[in-house]
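**Q** Going line by line, the protein sequences match chains L and W.
Residue 486 in the numbering used here sits at position 220 of the first sequence, with consecutive numbering throughout.
Residue 39 in the numbering used here sits at position 37 of the second sequence, with consecutive numbering throughout.
Virtual Cβ for every residue (Gly too), placed ideally from N, Cα, C.
A single structure is presented below for examination.
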Amino acid sequence: MINDLILRPGWFIGTESLFDIISMFITFFIFLYSYKVYKLASNKNYFYLSVGFFSISLGFLFKVISNSVILYPQFSDLILNVLSFLRPTYIYTASLLLYSFLVLTGYLIIVCLTLKIKSNKIRLLLMLLVLLASILPRQERTFTFFHFFAFLLLSVYIVPYMHKNYKKQKTNSSFLVFLSFLLLTIANFALIGVSSYGITFYIIGQSISLLAYIILLINLIALGLRK
Amino acid sequence: MSERRDKLRVIFDMLNSIQEKGGRIKPTHLLYKSNLSHSKMQEYLKELISRDMVEEDFDKTNKVYTITKNGIKFINDYKKVKEFADSFGF
């Protein structure tokens, strides 16, 4: 049995996996749509946006893998049959680290778009920060530093930009995008509080995060259905 | 702005002008609405006809351009893509 590296109720892991699968598909759909926009409009910003959402989607895939190792030991046995040099703990830990790294990379790409950062040197520096935030030791089985970094990227850069954009566009879709990123900020804030205020905050944070991605999906569906 | 996006915008404006005129437009009106030179407009019209977005017809003796189903589809797709792009604001 693997020791869970995340401070959360055991019964919630299955539900959380479902949340992650839903979030993975939603971010994957946004990746596809952003890429379509890029191909049609030849606006490189939407290529980067698609890469950002692809990174987040891939991150969720790794989180699903890490949870599956705990939920279904036979799943890790299957992997170990092919890659015998691995241990279940390695799969679990590596998947969690990749999840942190890929989600933060996705947010960072969006930050680079909001700040219009073109310099590869600055991008590299920021990537190193993301890498650092992903691999920093976890305190008391919480991902405090990861959630703090995500909270920082969202609250300082992304949400103000999306709010400004909503004020400029004044459309339902720009409001939904702003609301979604605002909820992701609140979700990460709640997840920072897990170590101090208990695992209820974990459930609240994960639920708000799912809601944020569902709002992005609603926006996508509303645009798709519009005549 | 990229060159291609400008091109898409011009195509959208031309098709939208035709649609706003009830689906049929005279070349002189289109020239005025699309804000292009005569040669440029002919170039774009040639492309629109080849992509089956516009048809060339004759109303009595006058030449008119009619928007097709493909043209209407392009207008709708363009609006959706633009709204998606605007919702993120990049």
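1) The beta strand (DSSP E) that contains L/F414, what's its start and end?
2) Mapping DSSP to helix, strand and coil, what is L/F351?
3) Considering only residues of the same chain and omitting the five flanking positions on each side of W/I27, which have a CB-CB separation below 6 Å?
4) Pull up the distance between the alpha-carbon of L/L250 and that of L/I452, whole angstroms please.
5) Under 8 Å between C-beta atoms, does W/N18 make it to chain L?
6) What residue range does the beta strand (DSSP E) around W/N64 cover?
7) With a threshold of 8 Å between beta-carbons, can W/V12 be considered close to chain L, or not?
8) Using beta-carbon positions only, say whether L/L346 and L/L352 come within less than 8 Å of one another.
9) Can you tell me the Cβ-Cβ gap for L/L379 and L/L315, rounded? I've got them flagged as a contact below 8 Å.
10) DSSP state of L/D343, grouped into three classes?
11) So, at 7 Å on beta carbons, what are the nonlocal neighbours of W/E5 in its own chain, with the 5 sequence-adjacent residues on each side left out?
12) Could you run through the stretch 65 to 92 of chain W and flag, in chain order, every residue whose CB is less than 9 Å away from some CB of chain L?
13) Figure out for me which residue from L/Y427, L/D286 and L/R389 has the closest Cα to the Cα of W/I88.
14) Using alpha carbons as the reference points, say which of W/I13, W/G24, W/F90 and W/F92 lies closest to W/I51.
15) Going by the beta-carbon positions, is the gap between L/V369 and L/A416 smaller than 8 Å?
16) Is the beta carbon of L/V396 less than 8 Å from the beta carbon of L/F414?
17) Could you check whether L/I331 and L/L476 sit closer than 8 Å to each other, using their CB atoms as the reference points?
18) Which residues of chain W have a Cβ atom closer than 8 Å to the Cβ of L/Q435, listed in chain order?
19) How would you list, in chain order, the residues of chain W whose beta-carbon sits under 7 Å from the beta-carbon of L/V312?
20) Compile a chain-ordered list of the residues in the stretch 434 to 464 of chain L whose CB is closer than 8 Å to at least one CB of chain W.
21) Is it buried or exposed, L/Q340, if we count other Cβ atoms within 10 angstroms and call 16 or more buried?
22) Could you give the distance in angstroms between the alpha-carbon of L/N467 and the alpha-carbon of L/T281?
23) Do you know offhand how far L/Y301's Cα is from L/I424's?
24) When Cβ atoms are compared, which residues of the stretch 291 to 312 of chain L fall closer than 7 Å to chain W?
25) Can you round the beta-carbon distance between L/S446 and L/L482 to whole angstroms, since I take them to be within the 8 Å contact cut?
26) Give a yes or no on whether 8 Å exceeds the smallest Cβ distance from L/G490 to chain W.
27) Find out if the Cβ-Cβ distance for the pair W/N18, W/I74 is shorter than 8 Å.
28) Quick check on the DSSP output: the beta strand (DSSP E) that includes W/V56 runs from which residue to which?
29) Is L/Y463 buried or exposed, if buried means 16 or more other CB atoms sit within 10 Å of its CB?
30) Would you mind telling me which residues of chain W sit closer than 7 Å to L/N347, beta carbon to beta carbon, in chain order?
31) Hey, L/I336 and L/T293: beta-carbon distance below 8 Å or not?
32) Below 7 Å CB to CB, which residues in the same chain sit around W/D15 once its five sequence neighbours on both sides are set aside?
**A** To lay it out plainly:
1) No beta strand (DSSP E) holds L/F414; the alpha helix (DSSP H) holding it covers T410 to L418.
2) coil
3) I20 and Y67
4) Summary: the structure shown does not reach residue 250 of chain L, with chain L confined to residues 267 through 493, and so no result is reported for it.
5) no
6) N64 to I69
7) no
8) yes
9) 6 Å
10) helix
11) Confidence in W/E5 is poor, its pLDDT being 48 and thus under 50, which makes the residue's placement unreliable; the coordinate value appears in the next sentence. Within the same chain, W/E5 has no close Cβ partners at all.
12) N78, D79, Y80, K81, K82, V83, K84, E85, F86, A87, D88, S89, F90, G91 and F92
13) The sequence given here places Asp at residue 88 of chain W; Ile does not occur at that position. Ranking the options by Cα distance to W/D88, first place goes to L/Y427.
14) W/I13
15) yes
16) no
17) no
18) D88, S89 and G91
19) Note on identity: in this sequence residue 312 of chain L is Tyr, with Val being the wrong assignment. The contacting residues are A87 and F92.
20) K434, Q435, T437, S439, S440, L442 and V443
21) exposed
22) Looking at the sequence provided, one finds Phe at residue 467 of chain L rather than Asn. One C-alpha to the other measures close to 15 Å.
23) 20 Å
24) Y299, V303, L306, A307, S308, N309, N311 and Y312
25) 5 Å
26) yes
27) no
28) V56 to D61
29) exposed
30) Per Cβ cutoff of 7 Å: no residues; L/N347 is ~43 Å from chain W at best.
31) no
32) S36
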